[in-house]
Amino acid sequence: MSDLKPISALGAAAPRLLTLGTLTLRENPGLGLASLALRRGGTAPSPFGLTLPDPGGWAASGAYAAFWTGPDQWMIEAEGRGEEDFAAALKAEAPGCSITEQTDGWVAFEITSVAGGAPLSRLMEKLVNVDAAGFGPGHATRTGLEHMSVFLIRRAEDRLAIIGMRTLAGSLWHAIETAAGRLVAV
Amino acid sequence: MLIPHPLLGPRDAQEFTYLGDAMMIDRPDGLAEGAEAAFCDYVFQRDNPAGLHRELWFHEQGDRSWLVVTRNTVTHEILGAELARDVALARRATDTPADQGDAQ
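Spelled out as structure tokens, the structure:
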């Protein structure tokens with residue numbers, strides 16, 4: 001069998017990294033994702049010690065985090081576990097819930113600011129029709145970005161994650177890079 | 001245009017797709033007497049009111065929930081939105097007190 005080389009969602013051997021002004025864009029290949037949905041009448045578990053957040057929310061605990069995706073439905077994130085069977089680990093933590101592996105369906109871009117939250121708010125204003133001022137740390141939502149469906153997560157005042165469909169990774173990176181580049185040009 | 005999502009607050013209408021009259025929640029029983037006539041009405045017959053209209057919208061680029069949106073078709077004013085799931089469950093609770101609810 002020939003040597004198979006793993007590549008990132010953007011098709012390179014190493015995850016892409018780019019700094020534009022005060023913003024740094026980073027492809028995050030290590031993020032494990034699995035969705036968790038309650039069965040009818042079920043009660044919310046607390047996998048890995050997480051308190052599953054209310055609508056529009058994101059909650060983190062150590063290397064794990066969860067964000068709300070729909071009624072009785074959440075996405076669970078595991079930093080650094082993108083190459084493991086994370087769904088199986090989550091299944092053991094949340095018996096009686098419906099768990100679906102999601103890691104390979106998505107690409108995660110982490111955007112960091114070295115100048116506080118203002119550049120991230122301005123980037124959001126260019127990219128999505130979501131109230132950027134009301135999108136503080138702990139907020140997460142799904143919305144449209146240049147006709148692509150994405151999740152936005154405000155992980156901290158100076159950190160924003162955009163999770164989009166993996167097959168559209170190149171287009172999504174291009175959209176973010178273009179908007180961030182224009183912020184620098186102003 | 002903004003749609004007041006009951007869980008997420010005001011959201012851009014571009015995130016939604018439109019299905020049609022909210023009467024489609026009341027799907028007839030296909031095994032009952034007169035099912036053919038009932039389905040003929042269900043599939044083809046629609047009121048076309050100038051004024052208040054209850055309609056189904058899908059939050060496709062959002063939490064993917066179905067909403068029942070009350071809209072004025074003359075002014076395009078949106079008067080309210082509720083989760084279609086809540087509407088259907090409430091209706092089922094009043095229609096069938098002897099809980100046949102889990103059959104679906």
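Which chain is which? The protein sequence lines are A and B, in order.
For the first sequence, UniProt numbering assigns the number 1 to the initial residue and increments by one for each residue that follows.
For the second sequence, UniProt numbering assigns the number 1 to the initial residue and increments by one for each residue that follows.
Glycine included, C-beta positions come from ideal geometry on N, C-alpha and C.
All values reported here derive from a predicted model rather than from experimental measurement.
{"Query": "Whole-angstrom distance between Ala-84(B) and Ala-32(B), CA atom to CA atom", "Result": "24 Å"}
{"Query": "Given Glu-55(B) as reference, the closest of Phe-16(B), Leu-8(B) and Ala-35(B) once Cα atoms are compared", "Result": "Phe-16(B)"}
{"Query": "First and last residue of the uninterrupted alpha helix (DSSP H) at Phe-86(A)", "Result": "86 to 93"}
{"Query": "Positions along the region 117 to 132 of chain A whose CB lies within less than 7 Å of some CB in chain B", "Result": "Asn-129"}
{"Query": "With 16 other Cβ atoms within 10 Å as the buried cut-off, status of Gln-61(B)", "Result": "buried"}
{"Query": "Residue interval of the beta strand (DSSP E) (run including Phe-109(A))", "Result": "106 to 113"}
{"Query": "As assigned by DSSP and simplified to three states, the class of Ala-93(B)", "Result": "helix"}
{"Query": "Pair within 8 Å by beta-carbon distance, Asp-158(A) and Thr-112(A)", "Result": "yes"}
{"Query": "8 Å Cβ cutoff, Ser-149(A) in contact with chain B", "Result": "yes"}
{"Query": "Close beta carbons around Leu-160(A), own chain, < 6 Å, minus the five adjacent residues each side", "Result": "Ile-111, Leu-120 and Arg-154"}
{"Query": "Nearest to Val-43(B) (by Cα), restricted to the options Pro-4(B), Val-87(B), Asp-26(B) and Leu-52(B)", "Result": "Asp-26(B)"}
{"Query": "For Ala-179(A), the three-state DSSP class (helix, strand or coil)", "Result": "helix"}
{"Query": "Proximity winner among Thr-75(B), Gln-14(B), Phe-58(B) and Arg-46(B), relative to Asp-21(B) (alpha-carbon distances)", "Result": "Arg-46(B)"}
{"Query": "Residue range of the beta strand (DSSP E) that includes Phe-151(A)", "Result": "148 to 156"}
{"Query": "Which listed residue (Met-23(B), Leu-19(B), Val-74(B) and Asp-12(B)) has its alpha carbon closest to that of Asp-41(B)", "Result": "Met-23(B)"}
{"Query": "Test item: CB-CB of Ile-176(A) and Phe-109(A) under 8 Å", "Result": "yes"}
{"Query": "Residues, ordered as in the chain, of the region 61 to 72 of chain B that lie near chain A by beta-carbon distance below 8 Å", "Result": "Gln-61, Gly-62, Asp-63, Arg-64 and Ser-65"}
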